[in-house]
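Asker: Sharing a structure here in structure tokens format.
Number of protein chains: 4
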Amino acid sequence: MCRFVIYKGTSPVQLSHLLTRPCHSIINQAFDSRLRLDHRRPINGDGFGVGWYDSVYDEELGSQPCIFTSVTPAWNNANLIRLAEKIKSPLVFGHVRATTAGSLSLDNCHPFKFGRLMFMHNGGISDFPLIKRRLQTALSDEIFNVVQGNTDSEWAFALFLAQLPDPNAKCFPPEVLKRAMLDTIATLNTYAEDAGITEPSLMNFCVTDGESVVATRYISSRHDEAASLWFSSGTTFSEYAKGGHYKMSKADKRENIIMIASEPLTFEKADWMEIRTNNMVVITPKMNLLQIPIIDKFYVPPSDPASLNRGTDFAAAKGLLSPRRALAPVQVRDNTPKISI
Amino acid sequence: MCRFVIYKGTSPVQLSHLLTRPCHSIINQAFDSRLRLDHRRPINGDGFGVGWYDSVYDEELGSQPCIFTSVTPAWNNANLIRLAEKIKSPLVFGHVRATTAGSLSLDNCHPFKFGRLMFMHNGGISDFPLIKRRLQTALSDEIFNVVQGNTDSEWAFALFLAQLPDPNAKCFPPEVLKRAMLDTIATLNTYAEDAGITEPSLMNFCVTDGESVVATRYISSRHDEAASLWFSSGTTFSEYAKGGHYKMSKADKRENIIMIASEPLTFEKADWMEIRTNNMVVITPKMNLLQIPIIDKFYVPPSDPASLNRGTDFAAAKGLLSPRRALAPVQVRDNTPKISI
Amino acid sequence: MCRFVIYKGTSPVQLSHLLTRPCHSIINQAFDSRLRLDHRRPINGDGFGVGWYDSVYDEELGSQPCIFTSVTPAWNNANLIRLAEKIKSPLVFGHVRATTAGSLSLDNCHPFKFGRLMFMHNGGISDFPLIKRRLQTALSDEIFNVVQGNTDSEWAFALFLAQLPDPNAKCFPPEVLKRAMLDTIATLNTYAEDAGITEPSLMNFCVTDGESVVATRYISSRHDEAASLWFSSGTTFSEYAKGGHYKMSKADKRENIIMIASEPLTFEKADWMEIRTNNMVVITPKMNLLQIPIIDKFYVPPSDPASLNRGTDFAAAKGLLSPRRALAPVQVRDNTPKISI
Amino acid sequence: MCRFVIYKGTSPVQLSHLLTRPCHSIINQAFDSRLRLDHRRPINGDGFGVGWYDSVYDEELGSQPCIFTSVTPAWNNANLIRLAEKIKSPLVFGHVRATTAGSLSLDNCHPFKFGRLMFMHNGGISDFPLIKRRLQTALSDEIFNVVQGNTDSEWAFALFLAQLPDPNAKCFPPEVLKRAMLDTIATLNTYAEDAGITEPSLMNFCVTDGESVVATRYISSRHDEAASLWFSSGTTFSEYAKGGHYKMSKADKRENIIMIASEPLTFEKADWMEIRTNNMVVITPKMNLLQIPIIDKFYVPPSDPASLNRGTDFAAAKGLLSPRRALAPVQVRDNTPKISI
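Here it is, written out as structure tokens:
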């Protein structure tokens, strides 16, 4: 039962506005029981991480992201609180973790980094030990030796890197990231099928190169709902009332900010659109956003009535379903910015 | 919103039965939202501590307790899990902490120790900065310099030590511990009154010398309920169903085990008796248990109808009220073992 | 046996060039035994901290410094390594700590911060418990409650704040910082004398408001040498040979960089000038540097032959003397940039 | 440049006498530069671990060892200091670590445990990434999934487990442990040879099942000295002078205590015998001790003059050579207790 948030803006955001100040941030959600459906799991007290890119390119500093992780809870991490007050970034990944797999260790904290790429995961690869070796065999020595921790998520990132034409490239067009993501999911499905694994895997993956973002809401099942995933867009994200009450404002037609998160991050729920199960979201360098169905044998088209009947028990049992889904079905806005890529 | 548990038994308990295995232990409660009433506070992910005395006296090892503390959450602390499987003790204090005051630091984790004495606290001294200096002035140099952290709780322990005839004594009869505890509370009340502090303080304190235990359920208010406090006694405490389902059994009239806890630790709620607000519980070396009213201006006798009308909002707002209180009033059993001390 | 470094430059420095990359940085010194004279103390593995000011003023981010601390050793702290590669600053304080006093805790890591002020200490206040209460009495409630840890150093910072006309001021001219520093030392000397403390205190203090820096090399003794303190200045500080070999270059008359450190940070020892015992160094906002004698009863003028005979045993026994001092007396350059303040 | 110590006694030892009190313990050695030959490596501040077996068998507690590890330096770890004062054990492994491989993480701290077996390593497998996959292929799924960290040492332990007839056995005769240890070394040598690795590997391995101990001093080279390894035996190990000065006493012919360590642990050097390079030491359940040559292509018999000419530069460069070796060649006592196994 992890939680994550992605921020991409035309202007940099002070990290505190995203992480530490909002009463409804992924960090503060971590101890808000109203949103918890899984009573058997700890509440994201098992470490966290935040990764960000520079506001202004500096040749000396390079183009890789900076990552700060910790194994103590985010909500009272003095370093996080101080850094978040002093750092601004136009593209941020934040992740709080529950140890569904892997021990409590800095090596196991998301996001993971390779060159200019950054990756995180919410969910779990079912029966991962049964496919771990086969996955490792598919990796080059370079990528095999990049892995530092012992989580399914980091190995999934390694597999993603292996799908790229060149993981050390200086530039990753959205189409390249999207292709590699689809190949990663397809490969994991093949491994699971060959190993006779029947429990679905929850694969909400996010990757970015600092320019584009690709995020999936995916489950390897036709009958179950994936872990929740939402997005919001607008012109400003700011505090409208004391106590950390934030909202997304839409001053005009421009989309200056796009946020993707495992759960709505404001109380203004109308601002949050649910991403459909087994869909992928792409944010382009120019801030266009596209929802793309992931069409494989687990895909159920919206036109098929079965698409409304995916069971929520599985994701809920893993603590991976946000509350609003239970309350009412949400229609994705028609005016979602789209591009063809 | 801390939680604690005290175990005293005629036989030693394996710490895992108390701390890590029960699905309803203070550690696992830490992420069970059904018991949480305070949505604004973290859920005991801010460090924990356990202190215990040896099963068999060994001259080389001495009579002081051993204490293990950590600033990472208890529920997946690998050292705690390993130690709890290997250590047995007849007298254990366990504490999980939320940072109502003081930073996240080993120095701030309960229980605190001085010689053979061990102390912990659930609650908070209101406006403590306003009385901190006066409290410090009341201490001898020896005790003043014992304090390592920056919590109201540790300073309250220092004040308790200052009430003892000799904090370095080899033996503390229950009457001595009881007297010092009453003096500690009275002194804190005087300080608060002189400083013009009006918000009540929640003073659930526990102290032991390895033989006797004194625990208070106290609030400096006539109108509000104190933080919750419960006890249970029986002959064996064991797992009756897989998955960490424990219960207290009463095989005969003997009371081999007495447990005191901020909240019931089993689902067998009939086994748990609530300690009345503004009462003190004493466990003697011979395992007798006595409830003693703390009679001062905040005391309301059970015969006074006002005793049923203490408001729960204050303690609930601090996250310090266990759920059963809200469900139904509970009568303390008449057959509580008693002694006169 | 702590170590520290101060960097102030007209251009920002990437923190890695100061902290993690040089083979001779305070972090890497931490495990270079050639510089250690104290065999009884751990080698700066007891936590570290770095504080820095922004390169460009940003109204949203404010003018206070950012501070990152850790209780694990600096040399393999993954967060430090990553942050140091991504952060640039024109004014940096770095500190590695040995626990001469106070427990291992984030609260005890230097530098300490108050508003826009930052402070650190290398040395020790002798018999501090004997004067701690009197020092506390001298503080306002606001400053008294600022202290989070339990070190002599942090209380010395509180005392320093109490000497300022207004610790919350927006601006601290060098003269104000200098005056408060002299008063802090004088007050500590008075306390020690009144308490009958005879062992000298080692008071190498550094303070900055982000514009000016004041650093002292001081001991409350006429006969002993203070903990070592050095400075270097030049136009660029860069790696001249692989493996972290750095040097200070002086391309022209301009002083773009001034560094002050407990020990020389490069192998080019000619670049490092020793600051005289019981002197203060001031770096002005405009990068002028002045050495000012601290004239009190412990001062011995350079013209007095006794100034050459200060004993090194005391500082050496505390591990606070850098090696070159033992090798040869060093003359401060005559061309030290000076201002009158 | 790790350090370790093994204690096996007919009576249990209070851990503090082994770890925290002696001025010359592996923990305090960690900051005693006189013993350090490697100036480029940190001084064992990268975590530590201690593992021990119960003094008295308790069916509820089982026969597996307990392990306590930490990523903060051992020398001021408050938990270690408290536990070491309260725990006694007849068989203890202690290890302080420098990160020659693997990140700073609890998962990477020695000793490692599997069932009742405990394992630790001082040294390094050269170019381990080149053979890591082949090693993994040799493991059963059960053992493959046991590994939690990312060190060569833990994978070497997994390989050792794979050499055992049954790693889950209830009993491991010394001959079985010895055989598996020889097979582990031979297998690693084969992997290295096949991978074209030419740099020697330093394989000082220790394993125990709580009854027997097997420790190797080994290097895969005919020309270089292995990392140092010493042993001492006697009737009592106690403090003979204040300040942590310990010595081994030999009151009679009985050998009640056998210690094996990477470096002499007392100043009484006459009490420490050096184990020859490419030899194995076995301690039997009945406290007999045998030195057995590891005869393979890297073995040089003592009768061969080349055995005296092994170069010390390689081990010294890794910081793995204790000082006495450099001072004078040491003869193993003739009266070493021996058994035939």
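Chains as they are written, first to last, in our numbering: chain G, 1 to 341; chain Z, 1001 to 1341; chain W, 2001 to 2341; chain U, 3001 to 3341.
Cβ atoms here follow ideal geometry from the backbone N, Cα and C, with glycine treated the same way.
(1) Against chain Z, does P42 of chain G count as a neighbour if the rule is that its beta carbon must be under 9 Å from one of theirs?
(2) Does the beta carbon of T137 of chain G sit closer than 9 Å to a beta carbon anywhere in chain B?
(3) Specify the secondary structure class of S2011 of chain W as computed by DSSP and reduced to three states.
(4) At a CB distance below 8 Å, what residues from the segment 2046-2061 of chain W approach chain G? Give them in sequence order.
(5) CA-CA distance, N3076 of chain U and P129 of chain G?
(6) Between the alpha carbons of T72 of chain G and I26 of chain G, how many angstroms are there, rounded?
(7) Can you pull the chain W neighbours of R1134 of chain Z, defined as C-beta to C-beta under 8 Å?
(8) Within this structure, are the beta carbons of N3028 of chain U and L3320 of chain U separated by less than 9 Å?
(9) In three-state DSSP terms, what is Y2246 of chain W?
(10) Report buried or exposed for Y1191 of chain Z, applying the criterion of at least 16 other Cβ atoms within 10 angstroms of its Cβ.
(11) Using a cut-off of 9 Å between C-beta atoms, extract the partners of N3079 of chain U located in chain Z.
(12) Taking Cβ-Cβ distances shorter than 8 Å, what residues in chain W pair up with N1168 of chain Z?
(13) Check whether the Cβ of Q3014 of chain U lies closer than 9 Å to any Cβ atom in chain Z.
(14) By the DSSP assignment, the alpha helix (DSSP H) with Y57 of chain G in it spans what residues?
(15) For my contact list, I2006 of chain W and W2052 of chain W are in at a C-beta cut-off of 8 Å; report their separation, rounded to the angstrom.
(16) Quick one: give me the first and last residue of the alpha helix (DSSP H) that Q291 of chain G is part of.
(17) For F3267 of chain U, count the other beta carbons within 10 Å of its own beta carbon; 16 or more makes it buried, fewer makes it exposed. Which is it?
(18) What did DSSP end up calling K286 of chain G once you bin it into helix, strand or coil?
(19) Relative to the C-alpha of F237 of chain G, which candidate in G:N256, G:E225, G:S220, G:R222 has its C-alpha closest?
(20) For A1074 of chain Z, which of helix, strand or coil comes out of DSSP?
(21) Count the other CB atoms within 10 Å of the CB of A3328 of chain U; is the residue buried (16 or more) or exposed (fewer)?
(22) Looking at the structure shown, is N278 of chain G part of a helix, part of a strand, or coil, going by DSSP?
(23) Should T3353 of chain U go down as buried or exposed, given a rule of 16 or more other Cβ atoms within 10 Å for buried?
(24) Please classify P2022 of chain W: does DSSP put it in a helix, a strand, or coil?
(25) What is the DSSP secondary structure of L3159 of chain U, reduced to helix, strand or coil?
(26) For P1042 of chain Z, which residues from the same chain have a beta carbon less than 7 Å from its beta carbon, with the 5 sequence-adjacent residues on both sides left out?
(27) Let me make sure I understand the geometry here. Which of G:L106, G:A156, G:G149, G:V146 has the alpha-carbon closest to that of F119 of chain G?
(28) Hey, quick one: how far does the beta strand (DSSP E) through I3087 of chain U stretch, first residue to last?
(29) Closer than 8 Å is the cut-off here; do at least three beta carbon pairs connect the segment 1218-1233 of chain Z with the segment 1194-1202 of chain Z?
(30) Return the bridge partner residues of A1343 of chain Z from the DSSP annotation.
(31) Using CA coordinates, which residue listed in W:A2226, W:F2231, W:G2009, W:S2055 is at the minimum distance from S2307 of chain W?
(32) With respect to the beta strand (DSSP E) encompassing A3241 of chain U, which residues constitute its N-terminal and C-terminal limits?
(33) Is L3106 of chain U helix, strand or coil when you go by DSSP?
(34) Count the other CB atoms, across all protein chains shown, that sit within 10 Å of the CB of K2297 of chain W; report buried if there are 16 or more and exposed otherwise.
(35) In chain U, which residues lie with their C-beta within 8 Å of the C-beta of P2022 of chain W?
(36) Establish whether the CB of F144 of chain G and some CB of chain U are separated by less than 9 Å.
Answerer: This is what the structure gives:
(1) Here residue 42 of chain G is taken as the residue at index 42 of the first sequence, counted from 1. With a pLDDT of 40 at P42 of chain G, under the threshold of 50, the modelled position of that residue is not reliable, and no figure is offered here.
(2) Although the question refers to chain B, the structure presented lacks it and instead comprises the protein chains G, Z, W and U.
(3) Counted from its first residue, the third sequence places residue 2011 of chain W at position 11. Residue state, collapsed to three classes: strand.
(4) Cβ contacts with chain G come from D2054, D2058, E2060, L2061.
(5) Position 76 of the fourth sequence, counted from the start, is the residue given in the question as residue 3076 of chain U. Position 129 of the first sequence, counted from the start, is the residue given in the question as residue 129 of chain G. Taking C-alpha positions only, N3076 of chain U is separated from P129 of chain G by approximately 38 Å.
(6) Here residue 72 of chain G refers to the residue found at position 72 of the first sequence. Here residue 26 of chain G refers to the residue found at position 26 of the first sequence. For T72 of chain G and I26 of chain G, the distance between alpha carbons rounds to 15 Å.
(7) As a working note, residue 1134 of chain Z is residue 134 in the second sequence. Those do not exist, as R1134 of chain Z stays about 12 Å from chain W at its closest Cβ, beyond 8 Å.
(8) Reading the fourth sequence from its first residue, position 28 is the one you call residue 3028 of chain U. Reading the fourth sequence from its first residue, position 320 is the one you call residue 3320 of chain U. In this structure, the beta-carbon distance from N3028 of chain U to L3320 of chain U does not fall below 9 Å.
(9) Walking along the third sequence from the start, residue 2246 of chain W turns up at place 246. In the structure shown, Y2246 of chain W falls within a strand segment according to DSSP collapsed to helix, strand and coil.
(10) In the second sequence, the residue the question calls residue 1191 of chain Z occupies position 191. Answer is buried; the Cβ neighbour count reaches 16.
(11) Reading the fourth sequence from its first residue, position 79 is the one you call residue 3079 of chain U. One finds I1067, F1068, T1069, S1070, N1079, L1106 in chain Z with Cβ atoms closer than 9 Å to the Cβ of N3079 of chain U, taken in chain order.
(12) Here residue 1168 of chain Z corresponds to residue number 168 of the second sequence, with the count starting at 1. Residues of chain W passing the Cβ test: none, with the nearest at roughly 18 Å.
(13) The sequence position of residue 3014 of chain U within the fourth sequence is 14, counting from 1. Answer yes: the Cβ-Cβ gap between Q3014 of chain U and chain Z drops below 9 Å somewhere.
(14) Stepping through the first sequence from its first residue, residue 57 of chain G is reached at position 57. Boundaries for Y57 of chain G: no alpha helix (DSSP H) harbours it, and the DSSP string shows neither H nor E there.
(15) By 1-based counting over the third sequence, the position of residue 2006 of chain W is 6. By 1-based counting over the third sequence, the position of residue 2052 of chain W is 52. So it is not a contact: roughly 11 Å between Cβ atoms.
(16) Looking up residue 291 of chain G in the first sequence gives position 291. Per DSSP, Q291 of chain G lies in no alpha helix (DSSP H) segment; the continuous beta strand (DSSP E) that holds it begins and ends at 289-293.
(17) Position 267 of the fourth sequence holds residue 3267 of chain U. The residue in question, F3267 of chain U, is exposed, as its Cβ has fewer than 16 Cβ neighbours within 10 Å.
(18) What you label residue 286 of chain G is simply residue 286 of the first sequence in a count that begins at 1. In the three-state reduction of the DSSP assignment, K286 of chain G falls in the coil class.
(19) Counting from one through the first sequence, the residue named residue 237 of chain G turns up at place 237. Closest by C-alpha distance to F237 of chain G, out of G:N256, G:E225, G:S220, G:R222, is G:N256.
(20) By one-based count along the second sequence, residue 1074 of chain Z stands at place 74. Residue state, collapsed to three classes: helix.
(21) Reading the fourth sequence from its first residue, position 328 is the one you call residue 3328 of chain U. The pLDDT assigned to A3328 of chain U is 33, lower than 50, so where the model puts this residue is not dependable, and the model offers no usable value.
(22) The residue given as residue 278 of chain G occupies position 278 in the first sequence. Three-state DSSP puts N278 of chain G in coil, outside helix and strand.
(23) Lying outside 3001 to 3341, the shown extent of chain U, residue 3353 of chain U is not represented and no answer is given.
(24) By one-based count along the third sequence, residue 2022 of chain W stands at place 22. Here P2022 of chain W sits in coil by DSSP.
(25) Mapped onto the fourth sequence, residue 3159 of chain U falls at position 159. L3159 of chain U falls in the helix class under three-state DSSP.
(26) Here residue 1042 of chain Z is taken as the residue at index 42 of the second sequence, counted from 1. Summary for P1042 of chain Z: the model assigns pLDDT 40, below 50, so the residue's position carries little reliability; its value from the coordinates is reported in the next sentence. If we look at P1042 of chain Z and ignore the five residues flanking it on each side, its Cβ neighbours are A1098.
(27) Taking the first residue of the first sequence as position 1, residue 119 of chain G is located at position 119. Of the listed residues, the one whose Cα sits closest to F119 of chain G is G:A156.
(28) The residue you call residue 3087 of chain U lines up with position 87 of the fourth sequence. Looking at the DSSP string, I3087 of chain U is not in any beta strand (DSSP E), and its letter there is neither H nor E.
(29) Yes, the segment 1218-1233 of chain Z is in contact with the segment 1194-1202 of chain Z.
(30) Residue 1343 of chain Z lies beyond the residue range present for chain Z, which begins at 1001 and ends at 1341; the question has no answer from this structure.
(31) The sequence position of residue 2307 of chain W within the third sequence is 307, counting from 1. The shortest Cα separation from S2307 of chain W among W:A2226, W:F2231, W:G2009, W:S2055 belongs to W:A2226.
(32) For the purposes of this step, residue 3241 of chain U is identified with residue 241 of the fourth sequence, where counting begins at 1. Counting along the chain, the beta strand (DSSP E) containing A3241 of chain U begins and ends at 3236-3241.
(33) Within the fourth sequence, the letter at position 106 stands for residue 3106 of chain U. Here L3106 of chain U carries a helix assignment [DSSP, helix/strand/coil].
(34) For this step, residue 2297 of chain W is matched to residue 297 along the third sequence. Of the other Cβ atoms in all chains shown, fewer than 16 fall within 10 Å of the Cβ of K2297 of chain W; this residue is therefore exposed.
(35) Counted from its first residue, the third sequence places residue 2022 of chain W at position 22. Residues of chain U with a Cβ closer than 8 Å to the Cβ of P2022 of chain W do not exist; the shortest Cβ-Cβ separation is about 14 Å.
(36) As a working note, residue 144 of chain G is residue 144 in the first sequence. So yes, F144 of chain G belongs to the interface.
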